[in-house]
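Participant: Chains as they are written, first to last, in this note's numbering: chain A, 168 to 480; chain B, 227 to 515.
Would you mind keeping the following structure in view while I ask a few things?
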């Protein structure tokens with residue numbers, strides 16, 4: 168195993184429940200490798216096993232079978248490796264009755280670190296929470312808690328950050344800030360970031376690679392750029408759309424596009440677009456728009472999860 | 227590592243002013259209030275001065291230590307320890323803390339810190355009570371013996387140390403119940419209720435055991451009670467204050483007594499057993515919401 172591998176997951180299984188009849192298989196035969204220095208997206212619908220996997224990465228729960236290695240060390244047998252990891256799991260949780268700064272001090276002490284005051288200032292500045300850190304967490308907004316959670320994760324200057332839904336509950340401004348922060352941590356500080364998110368658009372913008380899991384199993388893995396450009400598609404707006412579809416179908420792969428219902432997505436090879444347009448015009452169909460369609464990560468995600476779930480998580 | 231974990235726990239306890247104040251801080255605060263009221267009464271009421279009697283500082287300073295092992299004190303201790311153990315589940319803070327440290331030291335330090343904090347609070351109460359008793363004696367012109375001497379101080383220190391130890395043991399047992407309940411219920415209220423039910427149930431077990439023993443005309447089942455914490459705490463306190471065993475009456479009418487050493491050994495086994503069980507279960511537990 169290379170020491171440039173930050174995370175290696177081998178044949179990971181996790182089930183909950185003692186009785187066979189009531190057993191829930193949360194993760195099934197998951198294999199994954201994350202290279203150091205990457206921002207790695209971990210996607211899947213609700214109940215796909217993302218948080219369960221993250222909990223196993225952090226030794227919060229034990230796998231039913233399989234192994235997790237962080238930087239080449241077995242996370243259960245060589246638990247000290249977790250000192251190289253910062254985490255934010257399913258939203259930030261703090262002692263509400265203490266200030267943000269006091270929470271960070273407690274987390275540092277439990278990490279067996281006596282950090283100088285300057286380090287707390289540094290991480291609080293990183294997440295723009297310096298001024299508000301003396302207030303009790305009880306009065307914090309969700310966004311402030313999330314930012315403080317990232318500060319807590321960064322406290323020990325970890326090599327690997329595991330962030331589970333870091334943008335959850337944030338407004339667009341907050342999401343944008345988190346995205347910028349994640350990218351900065353990777354680009355400027357060389358951190359490896361393992362990120363699960365509801366925000367597919369954000370993942371697409373911030374991640375180098377993604378893994379998509381569904382029903383506990385890995386369904387796709389690869390570079391974001393490769394996944395979103397896997398197909399060459401054109402978007403065609405035409406009238407009447409039903410006839411347009413009938414005319415094209417059989418020659419090219421065509422998919423109705425949602426929304427206003429007056430558009431089609433057509434899979435075409437390079438240079439075939441004029442042929443599609445000619446065919447439509449020859450059949451007295453009015454063509455209003457022909458534009459290249461870049462498949463978004465969301466489109467790709469929905470296609471590989473077979474539309475079984477209407478939303479992601 | 228241990229010192230840092232202890233500091234973290236201490237900060238959590240002292241920072242949780244509501245729980246700490248209502249369930250533990252209330253005792254020294256009440257002691258202070260009673261002394262102040264007593265001093266005011268002695269300043270303004272001649273009948274209070276006349277009725278105030280001589281006291282022994284060696285007794286007054288030890289009285290606060292009875293609280294942790296009486297039913298009210300034990301209930302509050304269970305509530306307090308439930309907040310500290312179950313709070314980590316209810317506030318979801320284990321998921322942030324557990325990856326940062328080894329689990330067994332985390333839970334062991336929590337036990338020790340809770341017990342030391344309780345001992346600290348009751349030491350404070352004892353100082354307030356002892357010094358306040360002296361001030362009241364001065365204000366009412368009454369006796370406050372015995373005079374200081376090497377023997378008096380030695381005997382007092384022995385008694386005092388023993389009371390502290392019993393309060394520490396009582397707290398550890400309460401914490402043991404609360405921590406096990408916290409792991410099962412994962413809520414503060416659930417843990418407090420389960421802990422109190424366990425503690426009361428353990429005391430009340432005497433009734434069914436007595437009935438079974440009477441019905442079957444055997445003392446065998448009743449002897450089981452001699453190995454429970456509440457009986458042994460009562461026995462060590464009885465030895466400490468009355469210099470005699472508390473005793474357990476059997477259906478036959480005879481009374482079984484146990485030595486102080488026997489009860490101390492049983493209590494030590496309970497403390498070690500409860501902590502070990504908590505540590506083993508916590509080590510294997512899945513930390514989920």
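Glycine included, every Cβ here is placed at the ideal spot set by N, Cα and C.
(1) Among residues of its own chain, excluding the 5 on either side of residue 481 of chain B, which ones have a beta-carbon nearer than 6 Å to its beta-carbon?
(2) At a CB-CB cut-off below 7 Å, which residues of chain A make contact with residue 242 of chain B?
(3) When burial is assigned at 16 or more other CB atoms within 10 Å of the CB, is residue 227 of chain B buried or exposed?
(4) Kindly confirm or deny that the stretch 282-301 of chain A and the stretch 331-341 of chain B touch, where touching means at least three C-beta pairs closer than 8 Å.
(5) Compile a chain-ordered list of the residues in the stretch 297-316 of chain A whose CB is closer than 7 Å to at least one CB of chain B.
(6) Can you check which of these residues, A:447, A:230, A:415, is closest to residue 183 of chain A by C-alpha distance?
(7) Please work out which residues of its chain come closer than 6 Å, Cβ to Cβ, to residue 121 of chain A, disregarding the five sequence neighbours upstream and downstream, and give them in chain order.
(8) Any Cβ of chain B within less than 9 Å of the Cβ of residue 258 of chain A?
(9) Tell me which residues share the same chain as residue 504 of chain B and place their Cβ nearer than 8 Å to its Cβ, disregarding the 5 neighbours each side in the sequence.
(10) Is there at least one Cβ from chain A nearer than 9 Å to residue 410 of chain B's Cβ?
(11) Measuring only the C-alpha atoms, how far is residue 288 of chain A from residue 357 of chain B?
(12) Cutting at 7 Å between CB atoms, please list the residues of its own chain near residue 248 of chain A, excluding the five before and the five after it.
(13) Are residue 304 of chain A and residue 274 of chain A close, meaning C-beta to C-beta below 9 Å?
(14) Counting C-beta neighbours from all protein chains within 10 Å, is the total for residue 475 of chain A 16 or more, i.e. buried, or is it exposed?
(15) My output table needs one value for residue 240 of chain B: the three-state DSSP class, helix, strand or coil.
(16) Determine, using beta carbons only, whether residue 335 of chain A comes closer than 9 Å to chain B.
(17) Please state whether the Cβ-Cβ distance between residue 267 of chain A and residue 310 of chain A is less than 9 Å.
(18) Using 8 Å as the Cβ pair cut-off and three pairs as the minimum, do the stretch 417-428 of chain B and the stretch 296-312 of chain B touch?
(19) Whole angstroms is fine: what's the gap from residue 484 of chain B's alpha carbon to residue 330 of chain B's?
(20) Pick out the complete beta strand (DSSP E) segments inside the stretch 355-440 of chain A, 3 residues or longer, and give them in chain order.
(21) Find the residues of chain A that neighbour residue 321 of chain B, judging by a C-beta separation of less than 7 Å, and give them in chain order.
(22) Measure from the C-beta of residue 234 of chain B to each C-beta in chain A and report whether the shortest distance is under 9 Å.
(23) For chain A, is any of its Cβ atoms less than 9 Å away from the one on residue 308 of chain B?
(24) Whole-angstrom Cβ separation of residue 397 of chain B and residue 294 of chain B, contact assumed at under 8 Å?
(25) Give a yes or no on whether 9 Å exceeds the smallest Cβ distance from residue 250 of chain B to chain A.
(26) Going by the CB atoms, is the gap between residue 335 of chain B and residue 231 of chain B shorter than 9 Å?
(27) Around the Cβ of residue 211 of chain A, are there at least 16 other Cβ atoms within 10 angstroms (buried) or fewer (exposed)?
(28) List in chain order: all unbroken beta strand (DSSP E) runs of 3+ residues lying wholly within the stretch 201-256 of chain A.
(29) Just to confirm my understanding: we take residue 390 of chain A, look at its own chain, exclude 5 residues before and 5 after, and list those with CB closer than 6 Å. What are they?
(30) Less than 9 Å between CB atoms is the rule here; does residue 281 of chain A satisfy it with respect to chain B?
(31) Give the residues from the stretch 230-253 of chain A that approach chain B closer than 8 Å (Cβ to any Cβ), ordered along the chain.
(32) Report the residue from B:449, B:238, B:345 whose alpha carbon sits nearest the alpha carbon of residue 386 of chain B.
(33) Of all the options A:250, A:222, A:411, which has the alpha carbon lying nearest to the alpha carbon of residue 280 of chain A?
(34) Should the stretch 256-266 of chain B be called in touch with the stretch 351-368 of chain B, which here means at least 3 C-beta pairs below 8 Å?
(35) If you scan the stretch 250-317 of chain A from start to end, which runs of the alpha helix (DSSP H) of 4 or more residues do you find wholly inside it?
(36) Should residue 433 of chain A be labelled buried (16 or more other beta-carbon atoms within 10 Å of its own) or exposed?
Facilitator: With the structure as the only source:
(1) 473, 475
(2) 264
(3) exposed
(4) no
(5) none
(6) A:230
(7) Because chain A is modelled from 168 through 480, residue 121 of chain A falls outside the range shown and cannot be assessed.
(8) yes
(9) 333, 337, 402, 405, 406, 409
(10) no
(11) 44 Å
(12) 237, 238, 240, 242
(13) no
(14) With a pLDDT of 47 at residue 475 of chain A, under the threshold of 50, the modelled position of this residue cannot be trusted; read the value that follows with caution. Classification of residue 475 of chain A: exposed, given that the 10 Å Cβ count is below 16.
(15) helix
(16) no
(17) no
(18) yes
(19) 34 Å
(20) 359-363, 376-381, 384-390, 400-406, 420-424, 430-434
(21) 227, 256, 260
(22) yes
(23) no
(24) 6 Å
(25) no
(26) yes
(27) buried
(28) 206-210, 232-237, 252-255
(29) 376
(30) yes
(31) 246, 249, 250, 252
(32) B:345
(33) A:250
(34) yes
(35) 267-277, 284-293
(36) buried
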